[in-house]
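Reading through the structure tokens given below for one structure.
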Amino acid sequence: DTEVTQTPKHLVMGMTNKKSLKCEQHMGHRAMYWYKQKAKKPPELMFVYSYEKLSINESVPSRFSPECPNSSLLNLHLHALQPEDSALYLCASSQETRQIYEQYFGPGTRLTVT
Amino acid sequence: AQRVTQPEKLLSVFKGAPVELKCNYSYSGSPELFWYVQYSRQRLQLLLRHISRESIKGFTADLNKGETSFHLKKPFAQEEDSAMYYCALQLATNKLIFGTGTLLAVQP
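Top to bottom, those sequences are chains L and S.
Under the numbering used here, the letters of the first sequence match residues 1 to 114, in that order.
Under the numbering used here, the letters of the second sequence match residues 1001 to 1108, in that order.
Next up, the structure:
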């Protein structure tokens, strides 16, 4: 299995809702990433997990809460989002972070906040 | 500050014509540069990594440290090359900084 999978594909949520995005990989990678991609813009890094520990938080608002329950799973918990948070959320994984490795991207979850 | 610049938002060429997608970077350390591609309705995927010096799908890219450039080239464009191309700089922390992307449109 050489893919990163993400669920759901699409999500519509109100500003008072709580929802979660899920990402999974079975390549034995020990680094996982969340990116945010607005329309017609490049992906922007949000979080990096290395060996299940948060190693980079790019000053993301606390309404986004990442979680890495094990080496294969990465979640992004969403609460009290704003309409400007609507975007494509991409998950990626790589072998690890101590050397430069290729990142493998998932298909993304398209989030709409109403 | 670290930065990746792709000056062309859109590049339109005819099938069989040569293609060059420009990428310039700003980084004080030793750069690790990549080209990622996103075909229509597909996920972002790696096309080239400068350190491997491979040719993938006929594309090549040479790192020019003097000009701080990593341009992507292909001698003869094919229609199936139409896609969004992102140049990216990977830092030692494994943070990827993407350029703004160039949409390549290959006309029949």
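Quick reminder that beta carbons are idealized off the backbone N, C-alpha and C, glycines included.
Small disclaimer: the values here were computed from a predicted structure and weren't measured.
Item to check | Near-chain L residues of the segment 1044-1056 of chain S (beta-carbon distance less than 9 Å), N- to C-terminal order | outcome: 1044, 1045, 1046, 1049 and 1051
Item to check | Segment contact flag, the segment 1084-1096 of chain S with the segment 1017-1029 of chain S, C-beta cutoff 8 Å, min 3 pairs | outcome: yes
Next on the checklist: Is there a Cβ of chain L sitting closer than 8 Å to that of residue 1068/S, yes or no?
Outcome noted: Reading the second sequence from its first residue, position 68 is the one you call residue 1068/S. It does not; no Cβ of chain L falls within 8 Å.
Checklist entry - Among 104/L, 86/L and 94/L, which residue has its Cα nearest to the Cα of residue 110/L? => result Here residue 110/L corresponds to residue number 110 of the first sequence, with the count starting at 1. The shortest CA-to-CA distance from residue 110/L to any of 104/L, 86/L and 94/L is the one to 86/L.
Next on the checklist: Does chain L have any CB closer than 8 Å to the CB of residue 1032/S?
Outcome noted: As a first step, residue 1032/S is located in the second sequence; it is residue number 32 there, counting from the start. Yes, its Cβ sits closer than 8 Å to a Cβ of chain L.
Item to check | Same chain only: Cβ atoms within 6 Å of residue 95/L, ignoring 5 sequence neighbours per side | outcome: Numbered from its first residue, the first sequence carries residue 95/L at position 95. Closer than 6 Å at Cβ, skipping near neighbours: 29 and 101.
Checklist entry - Pairing CB atoms from the segment 70-85 of chain L with CB atoms from the segment 1004-1021 of chain S, are three or more of them under 8 Å? => result no
Checklist entry - So which of 1057/S, 1010/S, 1053/S and 1063/S has the shortest CA-CA distance to residue 1075/S? => result In the second sequence, the residue the question calls residue 1075/S occupies position 75. Comparing Cα positions, the closest option is 1057/S.
Checklist entry - Within the 8 Å Cβ cut-off, does residue 1098/S reach chain L? => result One-based indexing of the second sequence puts residue 1098/S at position 98. Chain L, which has a Cβ nearer than 8 Å to the Cβ of residue 1098/S, makes this yes.
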